[in-house]
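As structure tokens, the structure follows; a few thoughts come after it.
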Amino acid sequence: MYTLSVLHIASFHGNIGDNANHNGFRKMLRKYYPGNITFDEIEMREFYQSWNIRNFNSEEFIVTCNDYDLVVIGGGNFFELKWDYSVTGTTVNMSNETLEKIQTPIFFNALGCDIAKGASREAIEKFKRFLDYSLQSPRILISLRNDGSYKTVQTLYGADYAKRIPVVPDGAFFMEVEEREYNEVVTNEKLIGLNIVSDMSDLRFDSTKEKKISYDEYLHQMGKVINAFLMSNNQYTLLLFPHIYSDLKAIYDLMIHIDDRLLRTRIKVAPLLTGSGSEEYIFGLYKKCQVVMGMRFHSNVCAIAHNIPTIGLSSYKKIDDLYEELKLGNRIVHVNQEGFQNKLSNELIRVLKESDLIKNIYIEVNKDILQRGQVFYQEMMNWLMKRI
1 MYTLSVLHIA SFHGNIGDNA NHNGFRKMLR KYYPGNITFD EIEMREFYQS
51 WNIRNFNSEE FIVTCNDYDL VVIGGGNFFE LKWDYSVTGT TVNMSNETLE
101 KIQTPIFFNA LGCDIAKGAS REAIEKFKRF LDYSLQSPRI LISLRNDGSY
151 KTVQTLYGAD YAKRIPVVPD GAFFMEVEER EYNEVVTNEK LIGLNIVSDM
201 SDLRFDSTKE KKISYDEYLH QMGKVINAFL MSNNQYTLLL FPHIYSDLKA
251 IYDLMIHIDD RLLRTRIKVA PLLTGSGSEE YIFGLYKKCQ VVMGMRFHSN
301 VCAIAHNIPT IGLSSYKKID DLYEELKLGN RIVHVNQEGF QNKLSNELIR
351 VLKESDLIKN IYIEVNKDIL QRGQVFYQEM MNWLMKRI
């Protein structure tokens, strides 16, 4: 069988969640393509204005794309409508003229469409022109990830647009990790996993809004929750998981509010790793946890995917949307709201008591996710095989 050459454009460094996404996506692609697949990678940040290394609309890029059998863009949150400089209003600053010149099939892979940071009318109109071209092109397949993006497209452009774009589970739902030994884990140690963030703190923790709290108040109350839990439950250790470098700041900021005796004896921090393969180490370490409390999207996705009981720590709409799409909305605590600490304390105790029940619920959720993924990737492969 013919070897499929793929040009994969996405973020590959700096966020462990992206690596989990690509891991699961490639697993599914290989499952449904009958031959071998080779991947060449281009880091998406090379197209960012801040890096300014590559140009989507250059002749060099077009020629490069046409040297492959398939161009994959994503996954990731690359349909975020916040970039007025872009011809599409998104990170994918690719003109319709460029799309016309690329003869290779293009698969926009499970992208997030997001307006939570604000979207100008100009960006919304630009993205509509991109959709108008792409949705009628036989060489282009657009898909949205299961994080509320479908609702965003439907709200902005109506049901006629949304129903033409398939929703696919984020690739990280399909990642598998092997059991291994970890230096971070002592035999029979009971771990509580926690992922916290400090980026976009003004947006996440806007205390000028009714019943919202500041970032500093959140840290103070989260510290109280951790102190009380660990003091009352001597058998548990807290393991903090940074996903990107700024998470290290959040971890340090939180540690200021944790009792020194606990910091020295009952708190651990997982390594900050990056690049292909690092996801298998970190999310294997997730599997050692009794429960995972996460603020980042992939902290929640990867824990749920491995049937680990979770508490979604929401300070950003995407966490709410993920849990709602999975019909798990009762698993969320809004940590940017007054009084969250009481709900979180009670929820943590409840989840530990009902761990087996929650695992069984997640097993059923993942069966549905896998079935949806299998249907989509079979259809995606049928689309591709007609064009190579």
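Using UniProt numbering, read the sequence shown as starting at 1 and increasing by one per residue. All C-beta atoms, glycine included, are put in the ideal place defined by N, C-alpha and C. Since this is a predicted model, take the numbers as computed values, not measurements.
Which whole-angstrom value describes the C-beta separation of residue i and residue j, a residue pair presumed to lie in contact below a C-beta threshold of 8 Å?
i, j, result
"residue 131", "residue 76", "Rounded, the Cβ-Cβ distance is 18 Å, inconsistent with contact."
"residue 269", "residue 230", "At roughly 15 Å, the Cβ-Cβ gap does not stay under 8 Å, so residue 269 and residue 230 are not in contact."
"residue 192", "residue 254", "The Cβ separation is near 14 Å, so there is no contact."
"residue 351", "residue 328", "That pair is no contact at about 12 Å."
"residue 258", "residue 267", "7 Å"
"residue 172", "residue 301", "5 Å"
"residue 248", "residue 219", "Between residue 219 and residue 248 the Cβ distance is about 14 Å, and since that is not below 8 Å, they are no contact."
"residue 153", "residue 161", "6 Å"
"residue 123", "residue 81", "5 Å"
"residue 341", "residue 224", "6 Å"
"residue 237", "residue 190", "7 Å"
"residue 280", "residue 185", "Actually they do not touch by this definition, with Cβ atoms about 16 Å apart."
"residue 390", "residue 344", "Absent from the model: residue 390. The displayed extent of the chain is 1 to 388, so no value can be given."
Which residues mark the beginning and the end of the alpha helix (DSSP H) in which residue i is found?
i, result
"residue 359", "355–385"
"residue 270", "No alpha helix (DSSP H) holds residue 270; DSSP gives it neither H nor E."
"residue 121", "121–136"
"residue 333", "Counting along the chain, residue 333 falls outside any alpha helix (DSSP H), though it belongs to the beta strand (DSSP E) covering 332–334."
"residue 227", "215–232"
"residue 149", "149–157"
"residue 249", "246–255"
"residue 202", "201–204"
"residue 174", "Per DSSP, residue 174 belongs to no alpha helix (DSSP H) and is neither H nor E."
"residue 279", "278–286"
If you follow the beta strand (DSSP E) that residue i is in, where does it begin and where does it stop?
i, result
"residue 236", "236–240"
"residue 142", "140–145"
"residue 192", "190–195"
Using CA atoms only, rank isn't needed, just tell me which of the options is closest to residue i.
i, options, result
"residue 359", "246, 311, 90", "311"
"residue 314", "337, 325, 208, 306", "337"
"residue 283", "236, 213, 181", "181"
"residue 106", "87, 150, 256, 94", "94"
"residue 227", "209, 264, 170, 185", "264"
"residue 387", "343, 137, 321, 374", "137"
"residue 39", "48, 29, 46, 47", "29"
"residue 378", "7, 32, 23", "32"
"residue 318", "357, 203, 349", "203"
"residue 7", "64, 46, 251, 27", "64"
"residue 373", "19, 24, 299", "24"
"residue 163", "149, 175, 170, 174", "149"
"residue 151", "320, 260, 339, 345", "320"
"residue 20", "232, 49, 74", "74"
"residue 348", "289, 100, 66", "289"
"residue 179", "252, 306, 118", "306"
"residue 117", "51, 129, 83, 260", "83"
Considering only their Cβ atoms, is the gap separating residue j from residue i smaller than 9 Å?
i, j, result
"residue 56", "residue 104", "no"
"residue 35", "residue 85", "no"
"residue 291", "residue 304", "no"
"residue 54", "residue 42", "yes"
"residue 44", "residue 16", "no"
"residue 395", "residue 68", "Residue coverage of the chain in this structure runs from 1 to 388, which leaves residue 395 outside it and unanswerable."
"residue 91", "residue 108", "no"
"residue 369", "residue 146", "yes"
"residue 115", "residue 135", "no"
"residue 27", "residue 88", "no"
"residue 277", "residue 12", "no"
"residue 205", "residue 211", "no"
"residue 170", "residue 298", "yes"
"residue 188", "residue 133", "no"
"residue 207", "residue 217", "yes"
Can a CB atom of chain D be found closer than 9 Å to the CB of residue i?
i, result
"residue 325", "Checking the listed chains, one finds no chain D in this structure; it contains a single protein chain."
Say the cut is 8 Å; is the CB of residue i nearer than that to a heavy atom of the ligand FMN?
i, result
"residue 66", "The ligand FMN is not part of the structure shown, which contains no ligands of any sort."
Please give me, in chain order, every unbroken run of the beta strand (DSSP E) with length at least 3 that falls completely inside the segment 6–66.
Counting only runs of at least 3 residues, the segment 6–66 fully encloses the following beta strand (DSSP E) elements, listed from N- to C-terminal order: 37–43.
Please specify which runs of the beta strand (DSSP E), each continuous and at least 3 residues long, are wholly inside the segment 64–106, giving them in chain order.
List check, beta strand (DSSP E) in window: 70–80.
Would you list, in sequence order, the uninterrupted beta strand (DSSP E) runs of no fewer than 3 residues that lie entirely inside the segment 288–354?
Taken in chain order, the whole beta strand (DSSP E) runs of length 3 or more contained in the segment 288–354 are 289–294, 310–314, 332–334.
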